[in-house]
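Chains as they are written, first to last, in this note's numbering: chain E, 799 to 1024; chain Y, 9 to 234. Presented below is the structure to which this report refers.
Have a look at this one:
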């Protein structure tokens, strides 16, 4: 089971973290894993390319089966290991629908966050514009207000889709942690702050917390004025 | 069932088309639907905003349940209507894993297409650069070669995850049809051309074909040199 699995990953990467949370939730501790460095371009190494022509992390193998897209790996693990660990897709129709909705909105909040954090990584110097970065910040602000509203409506001490921790939390919580890592104000976004506080101590999440965020508790302040 | 469902949609939109294919595949014909115009900004109308604060299409309601993200709606429909229509998630472990992997790569595929075809829609005039559009075209070319490889490896007359039509095809086929609508050369991309030819006559796909593509069979040539 876990011994037939291998995860190639990088620290501080929400897509990698999602898969690691899912593995923990399904009691698949003990999987083989290798921490690679994005900064040293190890995600483009032959070792990764042999399993993932895109040269991206996470890269995940289970026996002969390769599932590299983080959401795909999460769905795969829940489906294949449905009878062990925690149930990550609720049976209730309303809760399930909300889970799916929030998971896929989760792609949007991740994208809007990284459109700012990776602005200079992705956009060559000659193509950068203050107006573009400003627009991205406004888009993130709009997005954050949406999620504050979602959490407010649910009330306190609940997960994203209702009472049970689900794939919505597996996929979105890493993005929420990143927001605060990059300096988002919990005063300005109290519902996101409460959600973060609620889940940061969950065993699967503690067990897989990005090691360099533990070593360097002080993050960045890119988002302090958002 | 279908009479409790409402879909607000726009023509030529792959996300809308995905949901319509899924509804057809699950034998949910007869759902209430309203065709809205992106050009007239009807996706930002109060009617849409009441159901979808993002002002986006598709917007989908089933009784009191709202699921607007296209992939979320597809998963929801397959899960809630598992026992009717066509099975869209294969049981076989290998096929299922491949389905999940291709579905999520499908998001990247769609994004890289839009980065070329909607470049001017998304990027204000003062921020456009030939170098950026060139880079987006190169990224699309790289992406297309990956998918040609995937289809080549599967052989002819199969769906994306194997012999059975699955959620991978529901979510990715609309993107493939868009590529050819925008002038992609089937000579240069024969495996994608064959996949397109294989599925374009499938009942669920024919039934939901974008009406303005039927009215105006001649598409654009934006991608003719890709």
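The beta carbon of each residue, even a glycine, is placed where N, CA and C say it ideally should be. It should be emphasised that the depicted structure is a prediction, and the values quoted were computed from it without experimental measurement.
When every heavy atom of the ligand PLP is checked, does at least one fall within less than 7 Å of the C-beta of residue 815 of chain E? The model on display carries no ligand, and the ligand PLP is accordingly not part of it.
Listed by chain order, chain E residues near residue 75 of chain Y by CB distance under 7 Å: 895, 898, 899
Residue 889 of chain E versus residue 896 of chain E - alpha carbon distance: 12 Å
Three or more C-beta pairs under 8 Å: does that hold for the segment 46 to 54 of chain Y against the segment 31 to 38 of chain Y? no
Bridge partner(s) assigned by DSSP for residue 70 of chain Y: Y:13, Y:73
Exposed or buried, what is residue 903 of chain E when buried is set at 16 or more other beta-carbons lying within 10 Å of its beta-carbon? buried
Do we get a CB-CB distance below 8 Å when we pair residue 101 of chain Y with the residues of chain E? yes
Euclidean distance between Cα positions of residue 184 of chain Y and residue 118 of chain Y: 9 Å
Compute the beta-carbon to beta-carbon distance between residue 823 of chain E and residue 905 of chain E, rounded to the nearest angstrom, for a pair I have assumed lies under 8 Å. About 20 Å; that fails the 8 Å criterion.
How many angstroms separate the CA atom of residue 1011 of chain E from the CA atom of residue 933 of chain E? 29 Å
Is it right to say residue 808 of chain E is buried, meaning 16 or more other beta carbons lie within 10 angstroms of its own, or is it exposed? buried
Between the Cα of residue 974 of chain E and those of E:961, E:928, E:995, E:954, spot the shortest distance and give me the residue it belongs to. E:995
For a quick check, are the C-beta atoms of residue 20 of chain Y and residue 221 of chain Y less than 8 Å apart? yes
Specify, as a first and last residue, the run of the alpha helix (DSSP H) that residue 144 of chain Y falls within. 138 to 162
Report the residue from Y:215, Y:228, Y:171 whose alpha carbon sits nearest the alpha carbon of residue 25 of chain Y. Y:215
Own chain residues within Cβ distance below 8 Å of residue 116 of chain Y, not counting five before or after: 151
Using CA atoms only, rank isn't needed, just tell me which of E:921, E:930, E:883 is closest to residue 144 of chain Y. E:921
Consult DSSP for residue 54 of chain Y and reduce its assignment to one of helix, strand or coil. helix
At least one CB of chain Y closer than 8 Å to the CB of residue 865 of chain E: is that the case? yes
From E:850, E:827, E:854, residue whose alpha carbon lies closest to that of residue 801 of chain E: E:827
Going by other Cβ atoms of all chains shown within 10 Å of its Cβ, with 16 needed for buried, is residue 882 of chain E buried or exposed? exposed
Buried or exposed: residue 114 of chain Y, going by 16 or more other Cβ atoms within 10 Å of its Cβ? buried
Taking the beta strand (DSSP E) that residue 858 of chain E belongs to, which residues open and close that run? 857 to 860
Members of the segment 147 to 159 of chain Y near chain E, C-beta cut-off 9 Å: 154, 157
With a threshold of 8 Å on Cβ separation, who are the neighbours of residue 979 of chain E within its own chain once the five nearest residues in sequence on each side are excluded? 810, 1011, 1017, 1018
Min CB distance residue 127 of chain Y to chain E below 8 Å: no
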